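In full-length UniProt numbering, the protein residues as written are 1 to 279.
Now the structure itself:
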């Protein structure tokens, strides 16, 4: 093992964001067995960026990297668990705390206040830069820079599309129910539909047909933009699923769509150089 791989990780209590509400009985917990997992910090844009890392304890060589982009709730227990799930598949998964300069998601108890007082103040430019630094750091700590992937959920789903147009080194991305359109502001000057022609990586979108926050007409608008750009991209819509259908800790969880989406994500990464698991 290289010296730079011997990083010290700090464990944290397994807690969910208060704004997420009551935690459902369907919540999945993935253990740390066989993993190196916990929080670390990454030098980024003059600050120490907190990030949750999970990777296999033993690997024959550099691991493919997956940037995991948080929901509106931050890097709470669900996102940490997603990192462990990916690590169990053979990836180095890293989830940077992308709000940390503006505040803590755990300080809020409801979604509207969390969005207005924190999330809306986080500039896309800052987020994309932090993701770049997380990717570079991961490549120096056991990751393979030539096999870089990204996935994100809700707020992070939108960021995933933007990152697909931002980093030409990205191999593939999978966006879960991230909105395609929105008001243009100083912090969010572009949305996924605006960057469809700039995508440099193959992108997969996973969406719910019953998602009131992402109307199907905006899904079709994105599809048309992707076709016009001749982009390597696919959008899957699960007719009976709503928003946050992968969030097993919330009432919105749809086990069938979540399982299929997860398998599609792994297959998408594998098709572009990721881990190929034996049948």
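Backbone N, C-alpha and C define an ideal beta-carbon position, used for all residues, glycine too. The structure presented is a predicted model; accordingly, all values stated were derived computationally and were not measured.
Neighbour-count burial assignment, residue i, 16 or more Cβ in a 10 Å radius
i	result
residue 250	buried
residue 2	Note that residue 2 has pLDDT 46, beneath the 50 cutoff, so the model's placement of it is unreliable and no number is given.
residue 10	exposed
residue 151	buried
residue 33	exposed
residue 220	exposed
residue 256	exposed
Between the CA atoms of residue j and residue i - distance to the nearest angstrom
i	j	result
residue 99	residue 184	19 angstroms
residue 121	residue 40	24 angstroms
residue 4	residue 137	Model confidence at residue 4 stands at a pLDDT of 45, short of 50, so the residue's coordinates are unreliable; what they give is reported in the following sentence. Cα to Cα, residue 4 sits roughly 10 angstroms from residue 137.
residue 207	residue 25	23 angstroms
residue 279	residue 254	Confidence at residue 279 is low in this model, with a pLDDT of 48, below 50, so its placement is unreliable and the value that follows should be read with caution. The alpha-carbon atoms of residue 279 and residue 254 are separated by roughly 25 angstroms.
residue 48	residue 65	20 angstroms
residue 106	residue 97	12 angstroms
residue 130	residue 212	30 angstroms
residue 103	residue 88	31 angstroms
residue 43	residue 235	35 angstroms
residue 262	residue 46	35 angstroms
residue 232	residue 225	12 angstroms
residue 50	residue 242	31 angstroms
residue 288	residue 244	It is not possible to answer for residue 288, since the shown part of the chain is limited to 1 through 279.
residue 54	residue 216	35 angstroms
residue 273	residue 240	31 angstroms
residue 164	residue 20	28 angstroms
residue 270	residue 157	20 angstroms
residue 62	residue 95	18 angstroms
residue 60	residue 265	24 angstroms
residue 228	residue 58	44 angstroms
residue 180	residue 67	20 angstroms
residue 189	residue 277	39 angstroms
residue 78	residue 110	17 angstroms
residue 199	residue 35	33 angstroms
residue 252	residue 258	11 angstroms
residue 260	residue 275	17 angstroms
residue 119	residue 223	27 angstroms
residue 133	residue 126	11 angstroms
residue 18	residue 191	28 angstroms
Cβ separation of residue i and residue j, assumed to be a contact under 8 angstroms, to the nearest whole Å
i	j	result
residue 311	residue 69	The question about residue 311 has no answer here: the residues shown for the chain are numbered 1 through 279.
residue 171	residue 139	With 8 angstroms as the limit, residue 171 and residue 139 do not qualify as a contact, their Cβ atoms being about 13 angstroms apart.
residue 162	residue 128	7 angstroms
residue 268	residue 195	With 8 angstroms as the limit, residue 268 and residue 195 do not qualify as a contact, their Cβ atoms being about 19 angstroms apart.
residue 72	residue 115	7 angstroms
residue 112	residue 90	Not a contact, Cβ separation roughly 39 angstroms.
residue 30	residue 85	5 angstroms
Endpoints, the beta strand (DSSP E) within which residue i is located
i	result
residue 144	143-153
residue 68	63-69
residue 202	From DSSP, residue 202 is part of no beta strand (DSSP E); its letter is neither H nor E.
residue 44	35-44
residue 48	47-56
residue 237	233-238
residue 174	172-176
Beta carbon of residue i nearer than 9 angstroms to that of residue j
i	j	result
residue 167	residue 148	yes
residue 237	residue 218	no
residue 135	residue 80	no
residue 176	residue 246	yes
residue 248	residue 75	no
residue 187	residue 123	yes
residue 178	residue 153	yes
residue 145	residue 169	yes
residue 290	residue 143	The structure shown does not extend to residue 290, since the chain spans only 1 to 279, so no value can be given for it.
residue 83	residue 108	no
Opening and closing residue of the alpha helix (DSSP H) in which residue i lies
i	result
residue 194	192-195
residue 263	255-271
residue 112	111-117
residue 79	77-88
residue 128	124-139
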